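A short worksheet on the structure shown next.
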Amino acid sequence: MSTEAPATPEIGVGDYQYGFHYGTEDYVFRGRKGIDRDIVKQISQIKKEPKWMLDFRLEALDIFFQKPMPKWGGALSELDFQDIFYYVRASDKQETSWESLPDDIRKTYDRLGIPEAEKKYLAGVKAQYESEVVYGSLQEDLANKGVIFTDTDSALREHPELFREYFGTVIPSADNKFAALNSAVWSGGSFIYVPKGVQIEFPLQAYFRINSENMGQFERTLIIVDEGASIHYVEGCTAPTYSSESLHSAVVEIIVKRNARCRYTTIQNWSNNVYNLVTKRAMAYGDSLMEWVDGNLGSKLTMKYPAIYLMEPGARGETLSIAFANHGQHQDAGAKMVHCAPHTSSRIISKSISKGGGRASYRGLVKVENNAHHCKSNVVCDALILDSASRSDTYPYIEVDQDNVAIEHEASVSKIAEEQLLYLMSRGMTETEASAMIVTGFIEPLVKELPMEYAVEMNRLIELQMEGSVG
Amino acid sequence: MRLSKKVRDGMSSLLKIIDLHVSVEDKPILHGVSLEIRQGEIHALMGPNGSGKSTLAYTLVGHPKYEITSGSIEVDGTPLNELDPCERARKGLFLAFQYPVTIPGVKVSDFLRHAVTNVRNPERKDGESLMPMREFRKELKQKMEELGMDTEFARRYLNEGFSGGEKKRMEILQLAMLQPKFAILDETDSGLDSDAVRVVSEGVRKLSGPQMGVLIITHHERLLEYNVPQFTHVMLAGKIVETGDAALAHELHNHGYAQIRERHPVEAAEEQSRQNRPETVGVATAVAK
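Right, dumping it as structure tokens:
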């Protein structure tokens, strides 16, 4: 491991200071494209997994083969499952050369003021970004409280009982085709256990504790927040993440026990060749609070509907999502709220922007089971369409098996009002600057929920998108 | 070139409106308006509803719906007709809107920092750096205090949830920060209680001076009491039919427009026929919805 990274990386938009790094074991593996039982067996062998995990993977693989491609959402016909690497050992990772990167991505890095070492990591030029800065004290502090924060492969080895108790319980392999695929070939991801009553004050960030596998194509994340505990977890990054692989299919499972709180923030900005098909679900128990904050800027097609199952009375669920669909992009994103118990409440706020022929769809489900009386749900989706070539759709599904509930749904679609543009332009702003300001304001209710450095980068990125210099 | 610019800098700027004809959605509204405003002068523009006062204001600032069919607008001999609202603002034009719009999610301070940076650096390109935060904050705080505004306003979203008076004060704050060469105040005193009118009127008085030419569009007298115009223009049916001094404004305020209509029967007849026309396009659309 080299230690080229400066002790304190200078990052233009704030400090990603909570960095971690875990060593990757050196496996001997020869990667090849395509998916079959052999590949899945090899993956499991290399990782020296227990038999139950191999069985789990193989069963999932069968389900994957059986399930048809979803007919709704985005266009998936160009996705060729046999033309994809399903497992790549860290040291075998294809390192892209800096020169071969698309111009727009390089430009964006420069405009965002991302430091050299970090740029190379994001661009896939460097397989790992070394950041061991505050690893010591923070990790020790968490460990003293009994918090487990590690990558998912290590968790399977080091905490086998805890792992097995929860793994695959929130999202079974049979949930959907892509959850099955992930279950068969998963690698990396984060595993977090927060013990009873432990409150983690600062957001835990996956960004710079990423080792090569963490932000892989098929990462698997499992978070257990025990009774009365709380955590804010942040993954992804606002800067464009270049991947030469065309499929990203993650699974995130979260269990929020009684009186616990969990907020999970994601910013996704994959390069525009990536299919981003992610299954995220949380189970929220009595008087707990689960929040998804989800931003989707990149990818060719994203299909992602973070779900919350409200399992016991008093559970609350909230999803805030932003999608920005630019030229050549389809963001099919939304949320699912399933009220399984009485006196539960949920809220969905979705904001989408489409521009340059991009398409943004809100797809959401609010479901109330028949015993779940006195439930409340509030859904607000606002779409902003910036030009006539772009498109926005709303697919709100509501299934209610109970009369005694309060469900509200509001949707609006707007264009930038001429009067707003005139007002800002009459104060010296160019049309581009004025539009960017209106868009930034449109998503402000969401952006202000992000950690500071993400918020700043997000706004900067919106400005770049509006200039048309990106993607 | 260099010499002539120097010569101009030594003089006060001149906003010249020459025989301006303007249509909105192919409907002619202004029928040849001419007006000259020098930096440091205060002009009042009065006239009954629908006479074209706001049309003139929107046309000056470059509203895309207001089409100049003939005539021109110039600042120091440079025509503005083809410039967009942004470029006009950077040349020193400012309109205090009668109905300022709400921009949700955009903080007053962010908006003003962009605006001030652009207007003070007319050559600025998108993405170039903004006025330093500390310097900007200091200036903003000072201007807000001078206008008796709570600095809390800087953190609110632009005009969102503002009362009528707060919106108008926000326009005056922008005027104070942008220090334009020419300010057009479109009924900045309308819809306000007397306290708010006083605040706004005093604000304008503090801000105007030898560096600012002001065109005040108003129905009321208070704004003009605080800001006595050297010239008063009366508009009727899309034309300026009379020009006088402050006394004319006073007379109109006391006696209304009956005498003006008597003295200008042609325009009065045109005004009458405009009122008898089917409703304007804008209203018709609203009904259709």
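Same order as they appear, the protein sequences are chains A and B. Taking this note's numbering, the leading residue of the first sequence gets 621, the next gets one more, and so forth. Taking this note's numbering, the leading residue of the second sequence gets 1370, the next gets one more, and so forth. The beta-carbon is built from N, C-alpha and C at its ideal position, and this holds for glycine as well. Since we're looking at a predicted model, the values are computed, not measured.
- The alpha-carbon of K1396(B) is positioned some 15 Å away from that of K1422(B).
- Per DSSP, the continuous alpha helix (DSSP H) segment holding L1041(A) begins and ends at 1038-1045.
- Secondary structure of Q1408(B) (DSSP, three-state): coil.
- Short of 6 Å from the beta carbon of L1554(B), and not among the five residues preceding or following it, lie these beta carbons of its own chain, in chain order: A1465, I1585.
- For E1514(B), same chain residues with a beta-carbon under 8 Å away, outside a window of 5 residues either side, are T1520 in chain order.
- Going by C-alpha positions, A804(A) is about 29 Å away from K987(A).
- Taking a 10 Å sphere around the C-beta of S965(A), we find 16 or more other C-beta atoms and assign the residue as buried.
- Exclusion of the five residues before and after N796(A) leaves K687, P690, T899 as the residues of its chain whose Cβ lies within less than 8 Å of its Cβ.
- Taking one beta carbon from each stretch, the region 1578-1594 of chain B and the region 1610-1625 of chain B have 3 or more pairs nearer than 8 Å; the two touch.
- The alpha-carbon of L776(A) is positioned some 21 Å away from that of Q825(A).
- Residues of chain A with a Cβ closer than 9 Å to the Cβ of L1464(B) are, in chain order, S1046.
- Interface residue (Cβ-Cβ distance to chain A less than 8 Å): R1482(B) is not classified as such.
- Partner residues in the beta bridge of G1582(B), as assigned by DSSP, are F1551(B).
- As DSSP reads the structure, V988(A) sits in a beta bridge with H959(A), V1020(A).
- For K687(A), there is no enclosing beta strand (DSSP E), since its DSSP letter is neither H nor E.
- With contacts defined by Cβ atoms closer than 8 Å, I968(A) and A955(A) form a contacting pair.
- Cβ atoms of C1455(B) and M1045(A) come within 8 Å of each other, at about 4 Å.
- If you check each beta-carbon in the region 1434-1455 of chain B against every beta-carbon of chain A, the ones closer than 9 Å belong to K1434, D1453, P1454, C1455.
- When rounded, the separation of the alpha-carbon atoms in V1635(B) and K1512(B) is 47 Å.
- At a cut-off of 8 Å, the C-beta of V1430(B) has a neighbouring C-beta in chain A.
- P1469(B) belongs to the set of residues whose beta carbon lies under 8 Å from a beta carbon in chain A.
- Residue contact with chain A for G1419(B): absent (no Cβ-Cβ distance below 8 Å to any residue of chain A).
- Put simply, the CB of F944(A) is far from chain B, with every gap to its CB atoms at 8 Å or more.
- Within chain B, the C-beta atoms nearer than 7 Å to that of L1042(A) come from H1432, P1454, in chain order.
- Looking at the DSSP output, E679(A) bridges to nothing.
- Within the region 884-942 of chain A, the complete beta strand (DSSP E) runs of at least 3 residues fall at 895-904, 909-916, 921-924, 927-930.
- When Cβ-Cβ separations below 8 Å define contact, T922(A) makes no contact with chain B.
- Comparing C-alpha distances from E855(A) to each of N916(A), L1006(A), S970(A), G848(A) shows the shortest one belongs to N916(A).
- Comparing alpha carbon positions, the residue from P1549(B), D1445(B), S1570(B) closest to N1490(B) is P1549(B).
- Contact with chain A is found for A1458(B), since one of that chain's Cβ atoms lies less than 8 Å from the residue's Cβ.
- Beta-bridge partners of R840(A) (DSSP): V871(A).
- One finds M1057, I1058, T1060, G1061, E1064 in chain A with Cβ atoms closer than 8 Å to the Cβ of V1475(B), taken in chain order.
- At a cut-off of 8 Å between beta-carbon atoms, E1073(A) makes no contact with chain B.
- Contact annotation: in the region 1542-1563 of chain B, residues whose CB is within less than 8 Å of a CB in chain A are Q1543, L1547.
- Residue pairing by DSSP puts I969(A) in a beta bridge opposite L940(A), V1000(A).
- With a 10 Å radius around the Cβ and a threshold of 16 neighbouring Cβ atoms, G693(A) comes out buried.
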